[in-house]
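Colleague: Before we start, here is the structure in question, set down as structure tokens.
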Amino acid sequence: MRLAKLYQSSWNSSFFKSVAILVSGSALAKVAPLLASPVLTRLYTPADFGLVAVFIAVLSSLSPIICGKYEVAMVLPKSETEGKELLGISFGVATVISLTSLFVVVLFKENILTFLDASNLENWIYLLPLMLFLTGAMSAMIYYANRRTDYGRMAKGKMMNSFFITVTSIALGFLGAGFEGLLAGFFSGALCATTYLLFLYRSELTSDLLVWGKEKVALMKQYREFPIFNATTGLLDGVTLAMPVFFLTNYFSGAIVGYYALLLRVADTPLSFIASSVSEVNLKKTADLVNEQTDLRSHLLKLTLGLSAIVLFPAIILTIFSPTIFSYVFGEEWRESGVYLQILMPALAVRFVASTLATMISATHNNHFGAIWKVTAFLVTIIVYGIFAPQRDAILLFKAVVLMDIMLYLFYWSLIWKSAGNPRNPICRSPREIVQ
0 MRLAKLYQSS
10 WNSSFFKSVA
20 ILVSGSALAK
30 VAPLLASPVL
40 TRLYTPADFG
50 LVAVFIAVLS
60 SLSPIICGKY
70 EVAMVLPKSE
80 TEGKELLGIS
90 FGVATVISLT
100 SLFVVVLFKE
110 NILTFLDASN
120 LENWIYLLPL
130 MLFLTGAMSA
140 MIYYANRRTD
150 YGRMAKGKMM
160 NSFFITVTSI
170 ALGFLGAGFE
180 GLLAGFFSGA
190 LCATTYLLFL
200 YRSELTSDLL
210 VWGKEKVALM
220 KQYREFPIFN
230 ATTGLLDGVT
240 LAMPVFFLTN
250 YFSGAIVGYY
260 ALLLRVADTP
270 LSFIASSVSE
280 VNLKKTADLV
290 NEQTDLRSHL
300 LKLTLGLSAI
310 VLFPAIILTI
320 FSPTIFSYVF
330 GEEWRESGVY
340 LQILMPALAV
350 RFVASTLATM
360 ISATHNNHFG
370 AIWKVTAFLV
380 TIIVYGIFAP
390 QRDAILLFKA
400 VVLMDIMLYL
410 FYWSLIWKSA
420 GNPRNPICRS
430 PREIVQ
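Residue numbers for the sequence shown follow numbering that gives the first Met the number 0, so the first one is 0 and each next one is one higher.
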């Protein structure tokens with residue numbers, strides 16, 4: 000009865016109303032690529048999807064550190080001045096890391112392509128530093144909008160990204176482009192979405208944001224746990240999530256990498272717009288609850304129950320029918336992708352619940368718990384893939400992975416629960432006071 004009461008009351012809260020606003024706007028941003036997938040799978044081959052998946056895996060591995068996680072810290076302070084200063088810090092860190100990545104790509108291009116077993120990318124690898132910067136700028140602006148509770152603008156930015164990815168990919172596919180069409184789609188989406196968000200906040204993006212003064216240095220010190228714990232272990236987390244693509248590329252054909260890329264696209268798309276919306280609103284909500292010294296565990300239970308109810312039905316359907324669905328919707332050539340999803344779906348469901356709630360760790364200033372999980376996940380994942388991938392049996396590999404992921408993400412939830420029970424709200428002086 001208590002659980003039912005918690006579940007019912009959660010939907011009447013201001014938190015879920017905020018989520019509903021963001022979800023309703025973000026839905027088109029995620030659904031459009033999914034609806035376009037049956038067209039894309041007939042314009043591009045599994046090998047094309049696989050090659051682009053390698054590029055995106057590298058990008059997603061590095062993107063967690065692109066702003067030093069100062070964009071996440073931006074949501075936490077009460078002061079609007081500090082929020083803007085952290086936005087400027089985020090842009091500065093993104094610029095430095097992007098230029099560093101360009102330097103690395105220029106010097107070690109051939110070595111990188113050989114390591115990735117992706118020689119066909121050739122000069123497209125030079126797009127990586129620019130994509131990193133656009134990803135960082137877009138992320139910083141989305142968190143700035145979150146800070147201001149401008150959920151409509153957040154949704155519009157995501158819709159812009161999705162729209163241009165979809166339209167560009169389809170248009171170039173009809174013109175006979177190979178993987179380049181898919182890659183150009185991702186670039187155009189990031190460019191247009193970032194430009195749009197910068198335009199929306201153009202009146203607030205003054206030159207002072209880029210001026211490096213004592214206040215910014217003081218803020219970097221005050222929120223140093225974000226680059227120390229979140230960014231460094233975020234890199235591990237990014238590599239962990241991209242690791243399947245790296246191992247599949249080295250031990251399996253490009254087609255199997257493409258099958259894996261499509262199953263993630265299909266499984267993540269219906270849930271990820273909910274996950275990202277809940278996660279973004281929850282970061283701000285939890286920070287407010289911490290400042291108000293309110294109990295967080297009842298809030299966590301409500302979210303866990305709500306997310307579990309959301310994921311249950313699609314998880315059952317995809318676990319039972321995904322091979323049939325894939326062959327019918329995407330073509331018989333893609334049936335194997337549905338077979339892999341059938342195996343992995345239970346783990347993806349558990350991951351959806353736990354990873355959506357992970358922002359509670361940062362909002363409660365328990366970043367060391369996040370670091371513990373990310374290091375653990377990295378080590379366990381590399382061991383499991385290192386043992387099973389060389390056997391070149393995809394079914395066996397994915398069965399091992401589903402058991403691994405369920406255990407890892409249950410452990411993650413336990414750390415989130417511990418964070419909710421032990422929030423830290425350090426009372427810090429303002430950066431100006433620290434400087435003086």
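Yeah, the Cβ is synthetic: ideal placement off N, Cα and C, and Gly gets one too. Just so you know, these numbers come straight off a predicted model, no measurement behind them.
1. Counting Cβ pairs closer than 8 angstroms, one from the region 110-119 and one from the region 129-144, do we hit at least three?
2. Looking at the unbroken alpha helix (DSSP H) that takes in residue 326, where does it start and where does it end?
3. From what residue to what residue does the alpha helix (DSSP H) around residue 345 run?
4. For the alpha helix (DSSP H) that residue 70 lies in, which residues bound it at each end?
5. Going straight from the alpha carbon of residue 244 to that of residue 292, what length do you get?
6. Quick one: using the 10 Å Cβ neighbour count with 16 as the cut-off for buried, is residue 99 buried or exposed?
7. Nearest to residue 443 by CA position, among 238, 376, 203 and 96, is which residue?
8. Could you check if residue 389 is buried or exposed, using at least 16 other CB atoms within 10 Å of its CB as the buried criterion?
9. So, are the CB atoms of residue 348 and residue 400 less than 8 angstroms apart?
10. Quick check: what's the CA-CA separation for residue 48 versus residue 378?
11. Is residue 201 helix, strand or coil by DSSP?
12. Rounded to the nearest angstrom, what separates residue 97 and residue 323 at their Cα positions?
13. By Cβ distance, which residues of its chain are closer than 6 angstroms to residue 439, with the 5 residues on each side in sequence left out?
14. Would you give the residue range spanned by the alpha helix (DSSP H) that residue 415 belongs to?
15. Are residue 257 and residue 52 close, meaning C-beta to C-beta below 8 angstroms?
16. Which ranges does the alpha helix (DSSP H) cover as unbroken runs of at least 4 residues, wholly within the region 234-299, from first to last along the chain?
17. To the nearest angstrom, how far is the alpha carbon of residue 128 from that of residue 94?
18. Output the distance between the C-alpha atoms of residue 149 and residue 302, rounded to the nearest integer angstrom.
19. Using the C-alpha atoms, what's the distance from residue 136 back to residue 392?
20. Under 7 angstroms Cβ to Cβ from residue 124, same chain only, skipping five residues before and after it: list those, please.
21. Below 8 angstroms between beta carbons: does that hold for residue 511 and residue 415?
22. Could you give the first and the last residue of the continuous alpha helix (DSSP H) run that contains residue 98?
23. Can you tell which of 334, 306, 304 and 305 has the C-alpha that lies nearest to the C-alpha of residue 317?
24. Just mark residue 502 as buried or exposed, buried being the case when its beta carbon has 16 or more other beta carbons within 10 Å.
25. Could you check whether residue 386 and residue 234 sit closer than 8 angstroms to each other, using their CB atoms as the reference points?
26. Whole angstroms is fine: what's the gap from residue 315's alpha carbon to residue 352's?
27. Please report the residue range of the alpha helix (DSSP H) in which residue 221 lies.
28. For residue 250, which residues from the same chain have a beta carbon less than 8 angstroms from its beta carbon, with the 5 sequence-adjacent residues on both sides left out?
Modeller: On the basis of the supplied data:
1. No, the region 110-119 is not in contact with the region 129-144.
2. Its alpha helix (DSSP H) spans residues 296-328.
3. If you look at residue 345, you'll find it in the alpha helix (DSSP H) that goes 334-355.
4. 69-72 is the span of the alpha helix (DSSP H), which, as asked, contains residue 70.
5. Each residue's Cα considered, the two are about 43 angstroms apart.
6. Exposed.
7. Only positions 0 to 435 of the chain appear in the structure, and residue 443 is not among them; the question remains open.
8. The residue in question, residue 389, is exposed, as its Cβ has fewer than 16 Cβ neighbours within 10 Å.
9. No.
10. Cα-Cα distance, rounded: 28 angstroms.
11. In the structure shown, residue 201 sits in coil (DSSP, three-state: anything other than H, G, I, E or B).
12. Going from the Cα of residue 97 to the Cα of residue 323 covers about 43 angstroms.
13. For residue 439 there is no data in the structure shown, the boundaries of the chain being 0 and 435.
14. For residue 415, the enclosing alpha helix (DSSP H) starts and ends at 393-420.
15. Yes, Cβ-Cβ distance for residue 257 and residue 52 is below 8 angstroms.
16. The region 234-299 contains these whole alpha helix (DSSP H) runs: 253-290.
17. Each residue's alpha carbon lies about 10 angstroms from the other.
18. Those two C-alpha atoms are separated by around 22 angstroms.
19. One Cα belongs to residue 392, the other to residue 136, and the distance between them is close to 40 angstroms.
20. Residues 104, 108, 111 and 112 of the same chain have their beta carbon placed closer than 7 angstroms to that of residue 124, with the five preceding and five following residues left out of the count.
21. The question about residue 511 has no answer here: the residues shown for the chain are numbered 0 through 435.
22. Run containing residue 98: 79-115, per the alpha helix (DSSP H) assignment.
23. Nearest option by C-alpha distance: 334.
24. Nothing in the structure corresponds to residue 502, since the chain is present only between 0 and 435.
25. Contact flag unset, no.
26. If you draw a straight line from the Cα of residue 315 to the Cα of residue 352, it comes to about 15 angstroms.
27. First-last of the alpha helix (DSSP H) with residue 221: 213-221.
28. Within the same chain, and ignoring the five residues on either side of residue 250 in sequence, the residues whose Cβ sits closer than 8 angstroms to its Cβ are 388, 389 and 391.
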